[in-house]
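Peer 1: Got a structure here, written out as structure tokens. Questions coming.
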Amino acid sequence: MVNHLLSRESKGPTGLILAVVALMVVFSFLNPRFASVENLQNVLFQSSVPLIIVVGATLVILMGSIDLSVQGVMGAAGMAWILITPNTRTGLDYGVWAWVIALGTGVALGLFAGLIYERLKVPSFVATLGTWYVGLGIGIMLYGNGLLPSLTNEALARWPTRLTLGIPNSFWLAGAVVVVGLVIMNYTRFGRGLLAIGNNEAIARSSGISVSRYKIMALAIAGGLSALAGILATMQLGSGSSDIGSTQLFTVIPAAVIGGTALSGGEGGVLRSSLGVFLLVILNNGLVLAGVDPDYQQGVFGLILILAIVTVAWPHRNRLKVAK
Amino acid sequence: MTQTPPPVLRLINVSRSFGAVKALNNVSLEIRRGEVLGLVGENGAGKSTLLKILAGIEKPDTGKIEMNGVEVKFRGPNDARAAGVGVVHQEQSLFTNLTVAENIEQHAMTGSALSRLGLQDWGRLNREAQKVLDKIGAKLNPNTKVSDLSFIDRQMVEIARAVCIDPGRRSTPLVILDEPTAVLEQQETAVLEREIRKLREFASVIFVSHRLDEILRICDRVVVMRSGSLSSDRPTAGVSKADLFSAMVDGQAEPVIHARQRPAVASKPAVKVTRLSRQGEFHDISFEVHPGQILALVGASKSGRESLARTLFGAETHDGGSIEINGKPVSRWSIRKAVAAGLAFVPAERKVEGIVGGLSSTRNIALTNPGVGAVGPFLRPRTMARVAKDWFSRLDVRPGDVSLPLGQFSGGNQQKVVMAKWLNSDALKVLILDHPLRGLDVGASKTVNAQIRAACKAGVAVILIPDTIEEALEMADDIIVMRDGLRSARHDLHSNRNLAIQDIVADMV
Numbered sequence: 001m002v003n004h005l006l007s008r009e010s011k012g013p014t015g016l017i018l019a020v021v022a023l024m025v026v027f028s029f030l031n032p033r034f035a036s037v038e039n040l041q042n043v044l045f046q047s048s049v050p051l052i053i054v055v056g057a058t059l060v061i062l063m064g065s066i067d068l069s070v071q072g073v074m075g076a077a078g079m080a081w082i083l084i085t086p087n088t089r090t091g092l093d094y095g096v097w098a099w100v101i102a103l104g105t106g107v108a109l110g111l112f113a114g115l116i117y118e119r120l121k122v123p124s125f126v127a128t129l130g131t132w133y134v135g136l137g138i139g140i141m142l143y144g145n146g147l148l149p150s151l152t153n154e155a156l157a158r159w160p161t162r163l164t165l166g167i168p169n170s171f172w173l174a175g176a177v178v179v180v181g182l183v184i185m186n187y188t189r190f191g192r193g194l195l196a197i198g199n200n201e202a203i204a205r206s207s208g209i210s211v212s213r214y215k216i217m218a219l220a221i222a223g224g225l226s227a228l229a230g231i232l233a234t235m236q237l238g239s240g241s242s243d244i245g246s247t248q249l250f251t252v253i254p255a256a257v258i259g260g261t262a263l264s265g266g267e268g269g270v271l272r273s274s275l276g277v278f279l280l281v282i283l284n285n286g287l288v289l290a291g292v293d294p295d296y297q298q299g300v301f302g303l304i305l306i307l308a309i310v311t312v313a314w315p316h317r318n319r320l321k322v323a324k
Numbered sequence: 001m002t003q004t005p006p007p008v009l010r011l012i013n014v015s016r017s018f019g020a021v022k023a024l025n026n027v028s029l030e031i032r033r034g035e036v037l038g039l040v041g042e043n044g045a046g047k048s049t050l051l052k053i054l055a056g057i058e059k060p061d062t063g064k065i066e067m068n069g070v071e072v073k074f075r076g077p078n079d080a081r082a083a084g085v086g087v088v089h090q091e092q093s094l095f096t097n098l099t100v101a102e103n104i105e106q107h108a109m110t111g112s113a114l115s116r117l118g119l120q121d122w123g124r125l126n127r128e129a130q131k132v133l134d135k136i137g138a139k140l141n142p143n144t145k146v147s148d149l150s151f152i153d154r155q156m157v158e159i160a161r162a163v164c165i166d167p168g169r170r171s172t173p174l175v176i177l178d179e180p181t182a183v184l185e186q187q188e189t190a191v192l193e194r195e196i197r198k199l200r201e202f203a204s205v206i207f208v209s210h211r212l213d214e215i216l217r218i219c220d221r222v223v224v225m226r227s228g229s230l231s232s233d234r235p236t237a238g239v240s241k242a243d244l245f246s247a248m249v250d251g252q253a254e255p256v257i258h259a260r261q262r263p264a265v266a267s268k269p270a271v272k273v274t275r276l277s278r279q280g281e282f283h284d285i286s287f288e289v290h291p292g293q294i295l296a297l298v299g300a301s302k303s304g305r306e307s308l309a310r311t312l313f314g315a316e317t318h319d320g321g322s323i324e325i326n327g328k329p330v331s332r333w334s335i336r337k338a339v340a341a342g343l344a345f346v347p348a349e350r351k352v353e354g355i356v357g358g359l360s361s362t363r364n365i366a367l368t369n370p371g372v373g374a375v376g377p378f379l380r381p382r383t384m385a386r387v388a389k390d391w392f393s394r395l396d397v398r399p400g401d402v403s404l405p406l407g408q409f410s411g412g413n414q415q416k417v418v419m420a421k422w423l424n425s426d427a428l429k430v431l432i433l434d435h436p437l438r439g440l441d442v443g444a445s446k447t448v449n450a451q452i453r454a455a456c457k458a459g460v461a462v463i464l465i466p467d468t469i470e471e472a473l474e475m476a477d478d479i480i481v482m483r484d485g486l487r488s489a490r491h492d493l494h495s496n497r498n499l500a501i502q503d504i505v506a507d508m509v
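As they're listed, the protein sequences go chains A and B.
Reading the first sequence from the start, the letters are residues 1 to 324 in UniProt numbering.
Reading the second sequence from the start, the letters are residues 1 to 509 in UniProt numbering.
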């Protein structure tokens, strides 16, 4: 089964795994604390939110579209969730319904973007850009001017960091999402259909694949996963914030690209995108531990990011040339 | 008394119009079990419309379609497939990022190889695909990604997909092959012909081609279409190419091979290539082409001639030897410099390399060199349109509307516009043509060839990669034969007028 997965994603991810390992070795030399159990657990913890998002983002990118709405959906869903979960502001407790409502908000925003994209034939770039701000608007409205809503339930607030079998719960959740993503991509008609759409939409249509439905579904799933990421991030922070998802988009899309998921669609996969997330999280974490001046961290991160993407894209630089 | 089974397909008085144009006019046609039916006709004769109706992409305005004696109405491609019609389209339509098995079993997308959990069962999918591949005798691994396959292997996958139509229920599928040989080299065509003979054992076949000798070799029966109607329908036995040709073009005779006059050779060659090499493609190639001359590069696939042509145009780099243009050696050769030096390239992959499909013909023609259509950096749309209209009438481009996006034109007409784009430049000195007649019908081929000759007469040096050796013999002054990247022979057609095709083939393989 594992072989199956590896062989079917475009080109084996061996190179990526090596890159992740190499990066870890380098950072371990720069600062031995990098390889400590606590820090590695920290890396897994930090990877959790972007991993959940990248699964949805990859499904969308595989079909040749893009989802920019991540931050907005996270803000709306995160705020919706915390206001109906035991908190310092409202005192409401909807229990499991809080999850249903928050995730539903994400799915609804995804469906909204999907319908605009597919029914009104607006490019996904613009449709999801709009949804980003609609979601953000909802988040800001919910945030309002009242008391900062913080979690009052200790167990919930600690859940993301608590370890199960040495691994943070956050990461167990993210890992489960990645596995489900892999199954969807490799073992369902829907997943294979997304790849087909990304490769050639016209043929997909004439082959009887329900292209419109698949596109809307992919965006709805991406919305749902962004919502899940929003809830998890809120839990990790312990209090609500409408811009809980800021900067996530710019981790997730480069991660997918570094993983080899082509923005034009059809190439790449969930596994590769996930490795891309690890690469970026480790890079971020390692730079801090390596003692890079905080003032320079952003710039250095950007430069290394560009370097990484150029390296990954190098074998494909002649892609536009027609091979016969 | 045994009853004769009903024909696999029967069209009764089928008509279809687009606006005022009658694309199909009362067409009636029958295909029997196991029959290979050839379908020929010029571009625009209605072949494509007929095929689209059979594939469920278009609906007829009037008339009936029966399959196995039962009337059918296709609401979409899925209905046609379910009824047993499989189509191999002119342009390959595979998902290159998916596996062979997934491509073959299109219905896997709509649900057969699913396990109990609703998940795709790869083992079963591959086994079923293997069965289909075995049936048509293709030696391919169903788990390979299509992007890793060669062109002819992909064509095999297309055929496998076309015959893989609910194998349990349908005894005789109808397989439509729309110009499957147009982009194949000669030995690949032989493979395909064997394939079609094999298909006959369990399927009926409609075979569309512009190559009349192929049709005569492969088909049992041949129908000719002209302006939306069938102009001839008879068994292949006893039919000659000339018969088919006159049925296609309304009584005109087959074109004669033009004996070219030897052009006056200018002192300076327009292109001089000395010991040119490119790793893994071609090696130690030398030749000269003078203004007004046509040089044909002939060779099988992997002969390196396409790469040589692209290298001359600066689209690929060379790692040995030198290129001289108009007597001046070039350095750091690139497409930009090539265009500035008056070189032009008409690529074989029109869709990808030759046209900007979303732009109008006017814009496409003005793309490389707007000529009088521009003043400094500013374009003059009206002048551009006038220039385009002029080219349209000269090249007989149809439909004659220069403002339509070029992507909507048929292949032959796109090719004419690509020619116009380059011929529009006054500075044109060297014209490189990579399969200029690919996918063109007889009429369009004549027009394009006439334009090549006219350019030649005006002093342009032409380097031609022809589809067939006949084309080379008809057009060229000199022929260079290439084999495995090396020059294996050179012929001057003016001093050797009796050169036969076999002489050239001998040096190709």
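Ideal Cβ positions, reconstructed from N, Cα and C, are used throughout, including at glycine.
Counting only C-beta atoms, is A:Leu-148 closer than 8 Å to chain E at any point?
Peer 2: The chain inventory of the structure shown lacks chain E, comprising the protein chains A and B.
Peer 1: Output, in chain order, the set of chain B residues within a Cβ distance shorter than 9 Å of A:Val-178.
Peer 2: The residue given as residue 178 of chain A occupies position 178 in the first sequence. Chain B residues near A:Val-178: none, gap ~17 Å exceeds 9 Å.
Peer 1: Near B:Arg-32, what residues of its chain come up, given a Cβ to Cβ distance below 6 Å and the 5 sequence neighbours on each side ignored?
Peer 2: Counting from 1 along the second sequence, the entry for residue 32 of chain B is found at position 32. Within the same chain, B:Arg-32 has close Cβ partners Pro-7.
Peer 1: Is it buried or exposed, A:Ala-229, if we count other Cβ atoms within 10 angstroms and call 16 or more buried?
Peer 2: Against the first sequence, residue 229 of chain A aligns to sequence position 229. The residue is buried, with at least 16 neighbouring Cβ atoms inside 10 Å.
Peer 1: Is it right to say B:Gly-400 is buried, meaning 16 or more other beta carbons lie within 10 angstroms of its own, or is it exposed?
Peer 2: Along the second sequence, one-based indexing puts residue 400 of chain B at 400. B:Gly-400 is exposed by the Cβ-count criterion.
Peer 1: With DSSP collapsed to three states, give me the class of B:Ser-445.
Peer 2: Reading the second sequence from its first residue, position 445 is the one you call residue 445 of chain B. Residue state, collapsed to three classes: helix.
Peer 1: Would you say B:Thr-144 faces chain A, with C-beta separation under 8 Å as the test?
Peer 2: In the second sequence, counting from the first residue as 1, residue 144 of chain B sits at position 144. No, B:Thr-144 lies away from the interface with chain A (no Cβ there is under 8 Å from its Cβ).
Peer 1: According to the neighbour-count rule (16 or more other Cβ atoms, all chains shown, within 10 Å of its Cβ), is A:Pro-13 buried or exposed?
Peer 2: Residue mapping note: residue 13 of chain A aligns to position 13 of the first sequence, counting from 1. Buried: at least 16 other Cβ atoms inside 10 Å.
Peer 1: Got a sec: is the Cβ-Cβ distance from B:Ser-303 to anything in chain A below 8 Å?
Peer 2: Looking up residue 303 of chain B in the second sequence gives position 303. False, the Cβ-Cβ gap to chain A never drops below 8 Å.
Peer 1: Using a Cβ-Cβ cutoff of less than 8 Å, which residues in the same chain neighbour B:Arg-179 once the five nearest sequence positions on both sides are dropped?
Peer 2: Against the second sequence, residue 179 of chain B aligns to sequence position 179. Per the sequence presented here, residue 179 of chain B reads as Glu, with Arg not at that position. If we look at B:Glu-179 and ignore the five residues flanking it on each side, its Cβ neighbours are Gln-90, Val-208, Ser-209, His-210 and Gly-439.
Peer 1: Looking only at its chain, what residues have a beta carbon closer than 6 Å to the beta carbon of B:Lys-416, apart from the 5 residues adjacent to it on each side?
Peer 2: Translated into the one-based positions of the second sequence, residue 416 of chain B becomes position 416. Leu-395 and Val-397, listed in sequence order.
Peer 1: Just the chain A side, please: which residues come within less than 8 Å of B:Leu-119 by C-beta, in chain order?
Peer 2: What you label residue 119 of chain B is simply residue 119 of the second sequence in a count that begins at 1. The contacting residues are Val-183, Tyr-187 and Thr-188.
Peer 1: Taking DSSP as the reference, what is the three-state secondary structure of B:Lys-135?
Peer 2: What you label residue 135 of chain B is simply residue 135 of the second sequence in a count that begins at 1. Helix, per DSSP.
Peer 1: Going straight from the alpha carbon of B:Ile-136 to that of B:Ala-162, what length do you get?
Peer 2: Counting from one through the second sequence, the residue named residue 136 of chain B turns up at place 136. Counting from one through the second sequence, the residue named residue 162 of chain B turns up at place 162. For B:Ile-136 and B:Ala-162, the distance between alpha carbons rounds to 11 Å.
Peer 1: Assuming A:Phe-45 and A:Thr-161 form a contact by the criterion Cβ under 8 Å, report the distance between their Cβ atoms to the nearest whole angstrom.
Peer 2: As a working mapping, residue 45 of chain A is identified with position 45 in the first sequence. As a working mapping, residue 161 of chain A is identified with position 161 in the first sequence. So it is a contact: roughly 7 Å between Cβ atoms.
Peer 1: Which bits of chain A does B:Thr-96 rub up against, with CB to CB less than 9 Å?
Peer 2: Mapped onto the second sequence, residue 96 of chain B falls at position 96. What B:Thr-96 touches in chain A: Asn-199, Asn-200 and Gly-266.
Peer 1: Only counting the same chain, and skipping five residues up and downstream in sequence, which positions put a Cβ closer than 6 Å to that of B:Gly-38?
Peer 2: Locating residue 38 of chain B in the second sequence gives position 38, counting from the first residue. Contacts found: Phe-207, Ile-215, Cys-219 and Val-222.
Peer 1: Is there at least one Cβ from chain B nearer than 8 Å to A:Arg-192's Cβ?
Peer 2: For the purposes of this step, residue 192 of chain A is taken as the residue at position 192 of the first sequence. Answer yes: the Cβ-Cβ gap between A:Arg-192 and chain B drops below 8 Å somewhere.
Peer 1: Out of curiosity, what's the CA-to-CA distance linking B:Leu-423 and B:Ala-455?
Peer 2: Translated into positions along the second sequence, residue 423 of chain B becomes position 423. Translated into positions along the second sequence, residue 455 of chain B becomes position 455. Answer to the nearest angstrom: the Cα atoms are 7 Å apart.
Peer 1: Mind checking whether A:Ile-216 and A:Leu-111 have CB atoms under 8 Å apart?
Peer 2: Position 216 of the first sequence, counted from the start, is the residue given in the question as residue 216 of chain A. Position 111 of the first sequence, counted from the start, is the residue given in the question as residue 111 of chain A. Against a cut-off of 8 Å, the Cβ pair of A:Leu-111 and A:Ile-216 comes out as a contact.
Peer 1: Quick one: what does DSSP say B:Asn-25 is sitting in, helix, strand or coil?
Peer 2: Residue numbering aside, residue 25 of chain B sits at position 25 when the second sequence is read from its first letter. It is a strand residue.
Peer 1: Strictly under 8 Å for the Cβ-Cβ distance: is B:Ser-93 near chain A by that measure?
Peer 2: Indexing the second sequence from 1 puts residue 93 of chain B at position 93. Yes, B:Ser-93 lies at the interface with chain A (some Cβ there is under 8 Å from its Cβ).
Peer 1: Kindly provide the ranges of any beta strand (DSSP E) runs that are 3 or more residues long and lie completely inside the stretch 174–208 of chain B, ordered along the chain.
Peer 2: Qualifying beta strand (DSSP E) stretches, in chain order: 174–178 and 204–208.
Peer 1: Ends of the alpha helix (DSSP H) at B:Arg-490?
Peer 2: Position 490 of the second sequence, counted from the first residue, corresponds to residue 490 of chain B. First-last for B:Arg-490: 486–492, but that is the beta strand (DSSP E), not the alpha helix (DSSP H).
Peer 1: In the DSSP output, which residue or residues are listed as bridge partners for A:Ile-61?
Peer 2: Position 61 of the first sequence, counting from 1, holds the residue named residue 61 of chain A. For A:Ile-61, which the question treats as bridged, DSSP gives no partner whatsoever.
Peer 1: For B:Ala-344, write down the residues that DSSP places opposite it in a beta bridge.
Peer 2: Taking the second sequence and counting its residues from 1, one reaches residue 344 of chain B at position 344. DSSP output for B:Ala-344 lists B:Leu-431 as bridge partner(s).
Peer 1: Residues of the stretch 75–106 of chain A in Cβ contact with chain B at a cutoff of 7 Å, in chain order, please.
Peer 2: Within the stretch 75–106 of chain A, no residue has a Cβ that lies closer than 7 Å to any Cβ of chain B.
Peer 1: Tell me, please, whether the stretch 492–507 of chain B touches the stretch 323–341 of chain B by the rule of three or more beta-carbon pairs shorter than 8 Å.
Peer 2: In short, these stretches do not touch, since the Cβ pair count stays below three.
Peer 1: Which stretch, first to last residue, makes up the beta strand (DSSP E) that contains A:Leu-111?
Peer 2: Taking the first residue of the first sequence as 1, we reach residue 111 of chain A at position 111. Not the beta strand (DSSP E): A:Leu-111 falls in the alpha helix (DSSP H), residues 96–119.
Peer 1: For B:Leu-177, which residues of its own chain have a beta-carbon under 6 Å away from its beta-carbon, when the five flanking residues on both sides are left out?
Peer 2: By 1-based counting over the second sequence, the position of residue 177 of chain B is 177. Here the set comprises Val-88 and Phe-207.
Peer 1: Give me the chain A residues within the contact set of B:Glu-102, using Cβ-Cβ distance strictly less than 7 Å, ordered along the chain.
Peer 2: Along the second sequence, one-based indexing puts residue 102 of chain B at 102. Those are Arg-192, listed as they occur along chain A.
Peer 1: Where A:Val-281 and A:Gly-166 are concerned, what is the direct C-alpha to C-alpha distance, given to the nearest angstrom?
Peer 2: If you number the first sequence from 1, residue 281 of chain A lands on position 281. If you number the first sequence from 1, residue 166 of chain A lands on position 166. Spanning the two alpha carbons is a distance of roughly 19 Å.
Peer 1: What's the gap between the Cα of A:Trp-132 and the Cα of A:Gly-72?
Peer 2: For the purposes of this step, residue 132 of chain A is taken as the residue at position 132 of the first sequence. For the purposes of this step, residue 72 of chain A is taken as the residue at position 72 of the first sequence. Approximately 4 Å between the Cα atoms of the pair.
Peer 1: Is the Cβ of A:Ala-218 closer than 8 Å to any Cβ of chain B?
Peer 2: For the purposes of this step, residue 218 of chain A is taken as residue 218 along the first sequence, with counting starting at 1. With 8 Å as the cut-off, A:Ala-218 does not count as an interface residue toward chain B.
Peer 1: Given A:Ala-205, which residues of its chain have a CB within under 6 Å of its CB, disregarding the five upstream and five downstream residues?
Peer 2: The residue you call residue 205 of chain A lines up with position 205 of the first sequence. Residue 205 of chain A is actually Arg in this sequence, not Ala. Same-chain partners within the cutoff: Val-211.
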